[in-house]
Each structure stands twice: as structure tokens, then as C-alpha cells.
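Just so you know, we're using our numbering here: the sequence shown kicks off at 680 and counts up by one. The C-beta atom is built at its ideal place from N, Cα and C for all residues, glycine as well.
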Amino acid sequence: MGLFDKIKGPVFLKDDSEAERQLAELQELRKAATGELAEKLDQEIRQVDAGLYGEKAVRYELENSHIPMIVLHDLFLEHEGLTAQIDYLIITRKHQFLLECKNLYGNITINSAGDFIRTVSFGRHTKKEGIYSPITQNRRHLELVKQIRGAERSNFLSKALFEKHFYDNYRSVVVLANSKTVLDARYAKKEVKDQVIRVDQLAEYIRKADADPKAVATSE
């Protein structure tokens, strides 16, 4: 009997968070801060707190998914001078999912060029602004994982097979953790739509990916 036959739901092997430690340090500094420094610390505290909220929303969905999986939270990877901070790495029998959690305010539109545009309402007024693509951000993380895992394979055939099937086995997923955010991706390309989901769709996304007849179970 293999590992995924023994577990009945998510197993969190790494659950601590650097952001929680960072928030505690910022709150301690804020106690003695005044003036401009206090304002800057307040802004940074809000940003870190929003990020933590998003990660906790994702954790809640994973905890209640009843899907056998291994979950690693807040991973820092480094390879040949490149680094990546991964919010969640989820390992199921058939896939590895790299999750980028975004607790974005406002409504998000993804256009045909793959640009992310945020619309925020202030009373009768609205403001539109472009934001850095979380897909691009998470893609860099995925490529670093590919480099690290590929470097572990000294056998030419093994490395060739790994690279051929890497994007079938490893998935980059951007999770919008704010339940109030409206996502409009009607004009986005399919490969972009497939990488961005709302947090309440996460468990079903994983189930659907693993249920794909083309998905092959990997060696434990």
C-alpha cells in the first residue's frame, strides 16, 4: 500500500510561515514608531496581513477538501543564484501544484493579451490600473523548480523524460483569495484562464486535474 492509499485527506508537512514572523516583528516595531515611520509600518503591516489572509483562505479550502495530498506552505527555494518564494506546493498522486495566493481588492479583468487590470470603485467613481501579472511571477517559480528537479537527474534518458512531461505533471495556479473579487477572463486565452481560479474553486480544480484520463500517477 502506497502513501496516497494510507492518507484520507491533506497532510501538512510544512505549515509555518515567514509572513507570520514578519508580521509579529512589524507589530513590535510599530509600538515605538511615530510620524512617517509609523505610517510606513502601518502600510507594510496591512500588506503582510492581507497576504496572510489569502494564505489562510487557501488553507481552509485545502483542509476541507478531503483530497489525499501533501501540502508544503511558504517554501523558499534557491538554485544557482535564483530564488523563489512559493506560497503552497501541493503534491497529489498525479500532479504537483504550485500555488500563488493573491488577496486582491477590486475586480480583476484579464484581457486577450494576458494583462491583469484592476477596477476599484470609490462612490460614483472608478479607477482602473494594471497590476503585475501573478501568472508571470508564478511561472518563474515553476521554471526554478524545473531546474532544481532536472539537476537531480544524471541519467540522460531520465532527464529527457522528466523535461518532456514536466508541464503535464507540474501546474502553476494563481488563486484569488478575496471572495469579493469578481474575475472577468472572458477574453483571456485558454492557457491563461486555466491558471487563474477563485479560492472556492481550488478543491474542484485539483479533483478535475487528477481525474483527467491523460493524467498518470507518478512514483511515490
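Taking 9 angstroms as the cut-off, the Cβ atoms of residue 826 and residue 761 count as close.
Looking at 893, 890, 889 and 858, the one whose alpha-carbon comes closest to that of residue 876 is 858. For secondary structure counted as the beta strand (DSSP E) over 3 or more consecutive residues, the segment 847-888 holds these complete runs in sequence order: 849-855 and 875-877. Looking only at 808, 769 and 780, the smallest Cα-Cα distance to residue 786 is reached by 808.
Shown here, residue 813 sits in a helix according to DSSP, grouped into three states. Distance from the CA atom of residue 700 to the CA atom of residue 753, rounded to whole angstroms, is 12 angstroms. Going by DSSP, residue 693 is part of the beta strand (DSSP E) stretching over 689-693. In this structure residue 874 is buried. Its beta-carbon is surrounded by 16 or more other beta-carbon atoms within 10 angstroms. The beta carbon of residue 896 sits closer than 6 angstroms to those of 772 and 773, all from its chain and outside the five residues before and after it, given in chain order. In this model, residue 733 and residue 853 are separated by some 11 angstroms (Cα to Cα). Counted as a single uninterrupted DSSP element, the alpha helix (DSSP H) harbouring residue 685 occupies residues 682-685. According to DSSP, residue 804 shares a beta bridge with 801.
Residue 838 is not bridged by DSSP to any residue.
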